[in-house]
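According to my numbering, the sequence shown holds residues 433 to 678 in order. Notes for the one structure printed next.
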Amino acid sequence: MDAITVINLRKEFGDVIAVDNVSFSVREGSIFGYLGPNGAGKTTTLRMIYGALKPTAGEIYVMGYNALREQKKAKKLLGVMPESTGIYPRLTAEENLIYFGRLRGLSGYNLERRVEELLKRLNLEEKKHVLADRLSSGQRQKLAFARAIIHEPPVLILDEPTLGVDVMSAREIREIIREYANQGGTVVLSTHNMWEVQKLCSDVAIINKGRIVYSGSRAELERISGEKEFEEIFIKLVREEHAEAF
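Shown next, in the form of structure tokens:
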């Protein structure tokens with residue numbers, strides 16, 4: 433079964449078409465890269481998938497549930513790390529995780545165990561009593577990642593999860609993403625880091641000017657393009673004169 437299916441998704445803001453009849457599917461258990469230049473429609477698409485933005489037209493399915501008609505059921509299956517961290521600045525790191533864990537239905541020992549586990553795994557133990565607005569940008573990014581995965585959802589949507597974090601922290605986040613997929617979870621990853629895509633993603637969709645220019649296997653795209661570096665493939669695809677190259 434596909435974890436996410438998007439069919440003819442469209443979003444208009446007045447006369448501007450931000451997402452233009454986009455369709456793709458995300459295989460269950462895969463790490464799926466959703467890529468594109470700034471302003472291409474990536475974040476708008478993701479916001480529609482996790483229910484923060486209503487589409488103008490189209491259909492979205494999450495683990496078989498219609499995300500527009502069965503929104504509550506679909507949302508329960510998602511862990512989301514949005515473009516902005518969504519962390520409460522006047523709560524400590526620990527308090528943020530407790531709060532969001534409770535919102536996701538965790539309580540008692542299970543909540544306590546999960547909070548401790550994530551703080552330790554992401555090297556935030558020493559910062560657990562520090563207010564979020566006093567954390568470094570990288571630490572806030574890690575806290576936002578922990579918030580997304582606290583309830584161990586079957587599907588993660590991550591918008592630039594390693595943006596602004598140091599090398600070791602980025603590696604820790606990538607390792608958790610890999611583990612998630614290895615254990616059967618599905619990850620939708622939006623990033624500008626093409627090296628990260630090459631290391632993590634089995635499948636990709638590339639959007640440019642609101643339209644999908646490629647959707648499918650990353651390895652197959654590399655094969656038919658003849659390029660070794662995914663960055664070169666991406667640049668060719670998003671340049672207008674190469675939009676039909678592959």
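Backbone N, C-alpha and C fix where the C-beta goes; we use that ideal spot for every residue, glycine too. Since the model is a prediction, treat every value here as computed from it, not as a measurement.
By how many angstroms is the C-alpha of Gln573 removed from the C-alpha of Thr594?
-> 7 Å
Name the DSSP bridge partner or partners of Glu491?
-> Ile439
In whole angstroms, what separates the C-alpha of Gly518 from that of Glu654?
-> 35 Å
Within the same chain, show all residues whose beta-carbon is closer than 8 Å to that of Ile609, passing over the 5 residues directly before and after it, in chain order.
-> Ile463, Leu588, Leu590, Pro593, Val619, Leu621, Leu632
Neighbour-count burial assignment, Glu680, 16 or more Cβ in a 10 Å radius = Nothing about residue 680 can be read from this structure; the chain reaches only from 433 to 678.
If you count every other CB in all the chains shown that lies within 10 Å of the CB of Arg545, and 16 or more means buried, which is it?
-> exposed
Give me whichever residues DSSP pairs with Ser649 in a beta bridge.
-> Asp635
Please list, in chain order, all residues of the same chain as His674 whose beta carbon is under 7 Å from its beta carbon, the five residues on each side excluded.
-> Because the pLDDT at His674 is just 49, under 50, the model does not fix this residue reliably, and the value given afterwards should be weighed accordingly. The residues are Lys668.
Chain-order list of residues whose beta-carbon lies under 6 Å from that of Pro514 (same chain, five-residue window excluded) | Asp591
Burial state of Gly642 (16 or more Cβ within 10 Å) = buried
Fully enclosed by the region 490–577, which alpha helix (DSSP H) runs are 4 residues long or longer?
-> 503–508, 525–535, 540–553
Report the partner residues of Glu444 according to the DSSP bridge assignment.
-> Ile449
For the 8 Å Cβ check, are there 3 or more pairs between the region 442–450 and the region 474–493?
-> yes
Which ranges does the beta strand (DSSP E) cover as unbroken runs of at least 3 residues, wholly within the region 597–627, from first to last along the chain?
-> 618–622
Measure the alpha-carbon distance for Val494 versus Val512 and round it to whole angstroms.
-> 13 Å
With a Cβ-Cβ cutoff of 8 Å, do Glu460 and Ala435 count as a contact?
-> yes
Which value, in whole angstroms, describes the spacing of the CA atoms of Val451 and Asn542?
-> 40 Å
For Gly570, which residues of its own chain have a beta-carbon under 7 Å away from its beta-carbon, when the five flanking residues on both sides are left out?
-> Gly596, Val597, Asp598, Ser601
His583 classed as buried or exposed, judged by whether at least 16 other C-beta atoms fall within 10 angstroms = buried
Have a look at Tyr497 and Lys505 and give me their C-alpha separation to the nearest angstrom.
-> 7 Å
On a CA-only basis, which of Ser647, Glu659, Arg671, Leu538 is nearest Ser457? Give me that one, please.
-> Ser647
Pick helix, strand or coil for Arg579, following the three-state DSSP scheme.
-> helix
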